[in-house]
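In the numbering used here, the protein residues as written are 23 to 286. We put the beta carbon where it would ideally sit given N, CA and C, even for glycine. Heads up: the structure comes next, in structure tokens.
Now the structure itself:
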């Protein structure tokens, strides 16, 4: 499985960090030059409420989707350059047989909180996978199918929201139209969540809180309803704490050589 890493030309330190992380798990990657909000003014159609860094981040991911749509790989992993891996992540990034065949997107990272998942199933090495039902933001690490990349390119000819909301918030109709899974324990996290001091800020700045209009709230609830109906996830869901036992060197005892379980 090909791995892409988004990195700004002016951030060689972050590329060095990412190179070190991939070396630890024995996986190669291809660098993708990020769109730079500070030096590349964009005329791409976007909602006025989006900040320049949010637009640049979205376009950086969109750049990856275009590469995937033009390529031959059925599944490709996309990472931001502040990613930190668990030591047992390597086998999952060198083989895609564990990915459910109906998956559009598989989220690999954790924000160290609880998320609601449905239909958990083992994929080997002490990890499981389940349908992501609730909101779990962040785009530091995810797998996307070629078919999903093609669909997202068509659906994002005008940017309406930050990329992580578009992909991982059930309030977003774009998210609701995808079949999205979550790996648990997660395979990666952002560096800033593992450090007491944020020495490597994310490539996308945190957006200021924006009060939601009544229309936005109604649209969000309808999107959630659509997602539940589409995925059949009204029942049999459970909250999973993705922070339990997670450290970069975490490895299930006695299971490091266990084969991954192919998913149908």
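C-beta atoms of residue i and residue j nearer than 8 Å
i, j, result
"residue 40", "residue 54", "no"
"residue 23", "residue 144", "no"
"residue 162", "residue 91", "no"
"residue 69", "residue 179", "no"
"residue 155", "residue 139", "yes"
"residue 206", "residue 152", "yes"
"residue 149", "residue 190", "no"
"residue 101", "residue 25", "yes"
"residue 311", "residue 77", "Shown here, the chain extends from 23 to 286; a query on residue 311 therefore has no answer."
"residue 81", "residue 184", "no"
"residue 84", "residue 175", "yes"
Separation of residue j from residue i, as counted between CA atoms
i, j, result
"residue 209", "residue 132", "8 Å"
"residue 59", "residue 32", "12 Å"
"residue 35", "residue 105", "13 Å"
"residue 186", "residue 160", "5 Å"
"residue 56", "residue 107", "21 Å"
"residue 95", "residue 171", "11 Å"
"residue 38", "residue 99", "19 Å"
"residue 30", "residue 214", "17 Å"
"residue 262", "residue 268", "13 Å"
"residue 103", "residue 75", "15 Å"
"residue 147", "residue 130", "15 Å"
For residue i, the nearest candidate out of the options (CA to CA)
i, options, result
"residue 111", "216, 49 and 88", "49"
"residue 270", "152, 29, 43 and 38", "43"
"residue 165", "204, 175, 195 and 149", "204"
"residue 264", "174, 185, 113 and 134", "134"
"residue 118", "137, 136, 130 and 97", "97"
"residue 266", "93, 188 and 137", "137"
"residue 89", "62, 67, 169 and 66", "169"
"residue 67", "173, 93, 177 and 51", "177"
Beta bridge counterpart(s) of residue i as assigned by DSSP
i, result
"residue 210", "107 and 131"
"residue 99", "25 and 165"
"residue 151", "143 and 205"
"residue 260", "139"
"residue 53", "27"
"residue 68", "181"
Expected contact under 8 Å - CB spacing of residue i and residue j to nearest Å
i, j, result
"residue 283", "residue 87", "Their Cβ separation, rounded to whole angstroms, is 28 Å, which puts residue 283 and residue 87 out of contact at 8 Å."
"residue 198", "residue 167", "With 8 Å as the limit, residue 198 and residue 167 do not qualify as a contact, their Cβ atoms being about 17 Å apart."
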